[in-house]
DNA sequence: GTGCACCGTGGAAACGATTACATGATTGGA
DNA sequence: TCCAATCATGTAATCGTTTCCACGGTGCAC
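Residue numbers (our numbering), protein chains in the order written: chain A, 1 to 364; chain V, 365 to 728.
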């Protein structure tokens, strides 16, 4: 905001004079400049008219005193914190990490700071963070609800603080939603598996309480039935988007009298767990069983074998969500956005027909 | 803090009466309870003596009005925000993600919120976050400096705000440091490589401006010389802890007339890049070249082959750092801590002599 | 019965900024 | 020359809390 005016390296050596004075306020600057606090405030914020001489005096006084505005006081007065909250389901999930990073980047570009709350896929932690962020009087909230029924989040969505759902949402809320649509890509994936000769397909789902969890299994089921394939209950493993649940579900698949030809893990962590379970049995991917995932992460090209997956435009989602929220904050209309996900064919479901690229890390 | 007094699910359904009233302050509560704001404040904070009847009136009024304290105002008055800042070098690096997670967890347990700043290994971004966090009047700062010479960070370390370095530090600052010592584990690694018959060893280093970058290459060099091995300049690849630099350095190694027997990538992202470069050449790990890394992440057991690495006690580092900072904030002494890292032998450097465990994901 | 300690409560002053309004000076046009 | 408009500046209210201090009342000890 202030621009890089000060030369980078002199700060530490030259400002040794202003020791002892604990913290300098606008009052101290006013005193040093021989002006009122009102003028100092105006000069620093540069919005109202201030004479050049006064501005110069203020700037030099502020500089030599090492003045740093107290945003706590400013926020109290202006009722704006220039901060947005981001509540995500699991920081350890690289998908959300990338989302958080792009959110922070875009927010910074727009002059906002971001406070991240990690719900760890637990409803009560999500509630804690939502409450804590609201008390902090953030200007807006970005939420990817771990639990579809969290009353506190529901309240927040209908309260005065602008809120945008990202990735997941709560049906029935009128808050805008920014998300990826995986349906098309899932149909492509199923067609890919079918083309490779796989007929007995299985899926590891996310929590039914999440929209993404439901969407992925429904799209999978629909795509199967279009091809005349059935999805028996034994081929549906209930997961929770964490690695351990992927491992357990896969073990059950492998215990079946006729094991599936291929398994679709609906996020990257459960795919990790599935890989783990398969490897422990001494089985091979894709010869003994195929594996596909949702979410692309930098490691997928480097596992053995490289993993076929559905990639979301994660960074774009974060950027769009922040812009939607910023618009909402400045009184604009609610804007929802849906971006398409797409299939990345690698080698974990069998050798692809064409010479597909193995796909490097898709870090943009 | 407040304890889970309210029943979890009634909130959304019962509080529909208090619509319209934009935001309710302590003044409104006082009015509703027929008491002064001073008494309401005391009742809510439960520190000073308040009669039982008054307390009951306050609590019921606050509940029915849906009162939420304004922490901005509170912070202005008390000069404490119950918030700590965490500035890390790269959120996309799973090591720092795990660190951030454990920091947030421990901080929450101690009643603090955490604001994370991602420096992206760029000095000016680090400065931006440090400045922004200080203006926000956080109670304390946890920093893993991307750049060893950032004047702003240096100032902060000597300023009034308590600061603890975590992972990396700035030599010469008297702020406490919480970090892992990789020297012992690096010596173990070199012995392991030597035992497998590798003699021409190479290293991909981190930025020389970081303490961890320097420590790892120095320890490696020392361990080599103890065994009578040399480390020619051609076997030292300058990296920056990001994947791309690992790829480039490895390509140069592979272009050498005599390529190294094994490469040690000093963080997990550069190991990813190295793996990429090796695979593109159609070479095999460990048959054509061995690969070892620093930092264990959940994917390492699942790459082809599983990667031998040095694991840091990451979660413990985060916890200890938060506790050290909290102590500092409450006026305690500066406490530095060094925890040991240790070698995890897998298969990326050659078949180990003994039947070592392949090592599951070491998520604790 | 008087004095003293204590307890619950309210009034009011902070905290550090922004900003509506007032004020004095300057300027321009008639 | 005078009035009004403009401009730079200062005064003071305000945001929502916490907390110091004063005050009246009660109970206990003398």
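Beta carbons: idealized from backbone N, C-alpha and C, even for Gly.
Note that this is a predicted model, so its numbers are computed, not measured.
Option in the options with minimal Cα separation from residue i
i             : options                       : result
residue 701/V : 686/V, 536/V and 709/V        : 686/V
residue 129/A : 504/V, 469/V and 513/V        : 469/V
residue 650/V : 660/V, 669/V, 636/V and 659/V : 669/V
residue 313/A : 102/A, 91/A and 71/A          : 102/A
residue 371/A : 261/A, 328/A, 133/A and 90/A  : This structure cannot settle anything about residue 371/A, because the visible part of chain A is limited to 1 through 364.
residue 440/V : 540/V, 473/V and 499/V        : 499/V
residue 447/V : 257/A, 232/A and 72/A         : 72/A
residue 569/V : 506/V, 536/V and 610/V        : 610/V
residue 438/V : 536/V, 501/V, 507/V and 530/V : 501/V
residue 86/A  : 217/A, 56/A, 115/A and 162/A  : 115/A
residue 327/A : 44/A, 47/A, 175/A and 55/A    : 175/A
residue 410/V : 631/V, 423/V and 400/V        : 423/V
residue 66/A  : 452/V, 523/V, 461/V and 507/V : 523/V
residue 164/A : 339/A, 347/A and 318/A        : 318/A
Beta-ladder partner(s) of residue i, from DSSP
i             : result
residue 308/A : 292/A
residue 340/A : 181/A
residue 203/A : 236/A and 264/A
residue 113/A : 83/A
residue 502/V : Looking at the DSSP assignment, residue 502/V forms no beta bridge with any residue, so it has no partner.
residue 482/V : 452/V
residue 303/A : 667/V
residue 280/A : Per DSSP, none; premise fails for residue 280/A.
is_contact[residue i, chain V] using C-beta, thresh 8 Å
i             : result
residue 75/A  : yes
residue 116/A : yes
residue 342/A : no
residue 104/A : yes
residue 37/A  : no
residue 202/A : no
residue 69/A  : yes
residue 192/A : no
residue 145/A : no
residue 243/A : yes
residue 258/A : no
Through-space distance from residue j to residue i, alpha-carbon basis
i             : j             : result
residue 50/A  : residue 387/V : 35 Å
residue 648/V : residue 600/V : 21 Å
residue 612/V : residue 477/V : 40 Å
residue 671/V : residue 308/A : 21 Å
residue 728/V : residue 602/V : Low per-residue confidence applies at residue 728/V: pLDDT is 34, beneath 50, and the placement is therefore not dependable, though the value from the model is reported in the following sentence. Near 32 Å, if we compare the C-alpha coordinates of residue 602/V and residue 728/V.
residue 224/A : residue 188/A : 11 Å
residue 302/A : residue 640/V : 7 Å
residue 241/A : residue 213/A : 8 Å
residue 663/V : residue 392/V : 54 Å
residue 543/V : residue 282/A : 38 Å
residue 370/V : residue 139/A : With a pLDDT of 36 at residue 370/V, under the threshold of 50, the modelled position of this residue cannot be trusted, and the question is left open.
residue 473/V : residue 228/A : 53 Å
residue 635/V : residue 688/V : 32 Å
residue 349/A : residue 196/A : 8 Å
residue 125/A : residue 152/A : 11 Å
residue 405/V : residue 390/V : 7 Å
residue 307/V : residue 457/V : Not covered by the structure: residue 307/V. The range shown for chain V is 365 to 728.
residue 419/V : residue 311/A : 55 Å
residue 220/A : residue 161/A : 36 Å
residue 590/V : residue 623/V : 22 Å
residue 193/A : residue 316/A : 28 Å
residue 684/V : residue 574/V : 21 Å
residue 4/A   : residue 491/V : Reliability fails at residue 4/A, whose pLDDT of 36 lies under 50, so the model's placement of it is uncertain and the value that follows must be treated cautiously. About 11 Å.
Residue i: CB within 7 Å of a non-hydrogen atom of the ligand SAM
i             : result
residue 155/A : For the ligand SAM, the structure offers nothing, since it holds no ligand at all.
Any C-beta of chain A under 8 Å from that of residue i
i             : result
residue 381/V : Unreliable placement is indicated for residue 381/V, whose pLDDT of 40 sits below 50; the coordinate value is still reported in the next sentence. No, no contact with chain A.
residue 672/V : no
residue 387/V : yes
residue 663/V : yes
residue 409/V : no
residue 501/V : yes
residue 496/V : yes
residue 422/V : no
Check whether the stretch 694-712 of chain V touches the stretch 537-549 of chain V, taking contact to mean three or more Cβ pairs, one atom from each stretch, closer than 8 Å. yes
When the Cβ atoms of the stretch 289-297 of chain A are set against those of the stretch 319-335 of chain A, are three or more pairs found closer than 8 Å? The stretch 289-297 of chain A is not in contact with the stretch 319-335 of chain A.
Within the chosen definition, does the stretch 412-429 of chain V reach the stretch 558-569 of chain V through at least 3 CB pairs nearer than 8 Å? With a cut-off of 8 Å, the stretch 558-569 of chain V and the stretch 412-429 of chain V do not count as touching, because too few Cβ pairs lie within range.
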